[in-house]
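In my numbering, the protein residues as written are 1 to 167. C-beta atoms are modelled at their ideal positions from N, C-alpha and C, and glycine is treated no differently.
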Amino acid sequence: NFIGRTTELRQLREWLVSGETRIAALVGPGGVGKTRLASRAAEAMAGDSEGGAFFVPLEDLPADADIAARMARSLGITGGSGDAFAEVCAHLAQRKVLVVLDNCEHLIDECAQIVERLLDDCPNLRILATSREPLRVAGELAWRVPSLTVPRAHAQPGELLESPAVQ
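Pasting the structure below:
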């Protein structure tokens, strides 16, 4: 069950679907819920994009890994040209798609570079990134994910159950 983030989901949808931004980054410390929020946002926005929404997990990639190759696999691209970026770009060029890049923090410079290139070459692409810090690319809307609210110190049992953090 997804609790306590309906306002955030609504805001993300407004930013990315309305075209206010093409790149949004959910930033904050580990454990605050960036990945869960991004996953839920992708599910909610998949219908707004003819090409759907795709989740690209990056947490297990080493520093020298090919992010474009991981993206190609996540997008279901099985081409064999040897140039994963070109294949991803060709696949996304005319599609209205949301791509979630999850856990960018250890590949921040590489993610920033590929995001800038993709946004330049794919006019209908929207990207939602999660990271402990912003990507710092042009047009990025970096949003610090807040902690869930906790009950006051001497809350009654009923109040405790109303708290998103407790739920």
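Endpoints, beta strand (DSSP E) assigned at residue i
| i | result |
| --- | --- |
| ALA93 | Here ALA93 belongs to no beta strand (DSSP E), and DSSP marks it neither H nor E. |
| VAL115 | Not the beta strand (DSSP E): VAL115 falls in the alpha helix (DSSP H), residues 108-121. |
| ALA41 | ALA41 -> not in any beta strand (DSSP E); alpha helix (DSSP H) instead, spanning 34-45. |
| ALA63 | Where ALA63 is concerned, there is no enclosing beta strand (DSSP E), given that its DSSP letter is neither H nor E. |
| PRO57 | 53-57 |
Length of the line joining the Cα atoms of residue i and residue j
| i | j | result |
| --- | --- | --- |
| LEU101 | GLY80 | 23 Å |
| LEU75 | PHE85 | 12 Å |
| ASP83 | ARG117 | 14 Å |
| GLY31 | VAL145 | 10 Å |
| THR6 | GLU50 | 23 Å |
| LYS34 | ASN103 | 9 Å |
| VAL60 | ARG36 | Looking at the sequence shown, residue 60 is not Val but Asp. Cα to Cα, the separation comes out at about 17 Å. |
| LEU107 | ALA63 | 6 Å |
| GLU105 | SER131 | 5 Å |
| LEU9 | GLU140 | 17 Å |
| ALA142 | GLU133 | 8 Å |
Simplified DSSP assignment, three categories, for residue i
| i | result |
| --- | --- |
| ASP102 | strand |
| ILE127 | strand |
| VAL17 | helix |
| ARG10 | helix |
Opening and closing residue of the alpha helix (DSSP H) in which residue i lies
| i | result |
| --- | --- |
| ALA138 | Note, ALA138: premise wrong, no alpha helix (DSSP H); not H, not E. |
| ILE23 | Where ILE23 is concerned, there is no enclosing alpha helix (DSSP H), although the beta strand (DSSP E) it sits in stretches over 23-27. |
| ALA72 | 67-75 |
Residues of its chain near residue i, where Cβ-Cβ distance is below 8 Å and the 5 sequence neighbours each way are ignored
| i | result |
| --- | --- |
| GLU53 | Before going on, a small fix: residue 53 reads as Ala here, not Glu. Around ALA53: ALA42, GLU43, MET45, ALA46, VAL97, LEU98, VAL99, VAL100. |
| ILE114 | ILE67, ALA68, MET71, PHE85 |
Cβ-based neighbour list, residue i, same chain, cut-off 7 Å, excluding 5 preceding and 5 following
| i | result |
| --- | --- |
| ARG136 | ALA112 |
| GLU110 | ILE67 |
| ASP48 | VAL17 |
Same chain only: Cβ atoms within 6 Å of residue i, ignoring 5 sequence neighbours per side
| i | result |
| --- | --- |
| LEU92 | CYS122, LEU125 |
| CYS89 | ASP121 |
Discussion item. Taking 8 Å as the cut-off, does the segment 86-106 touch the segment 115-135 (at least 3 CB pairs, one atom from each stretch)?
Written reply: Because the criterion of three Cβ pairs below 8 Å is met, the segment 115-135 and the segment 86-106 touch.
Item to complete: Count the C-beta pairs between the segment 127-147 and the segment 9-25 that are closer than 8 Å, then say yes if the count reaches three, no if not.
Response: A contact between stretches requires three or more CB pairs, one per stretch, nearer than 8 Å, and the segment 127-147 meets this requirement with the segment 9-25.
Worksheet item: Three or more C-beta pairs closer than 8 Å, one from the segment 23-39 and one from the segment 65-72: is that the case here?
Response: Proximity of the segment 23-39 to the segment 65-72 falls short of the contact definition, fewer than three beta-carbon pairs being nearer than 8 Å.
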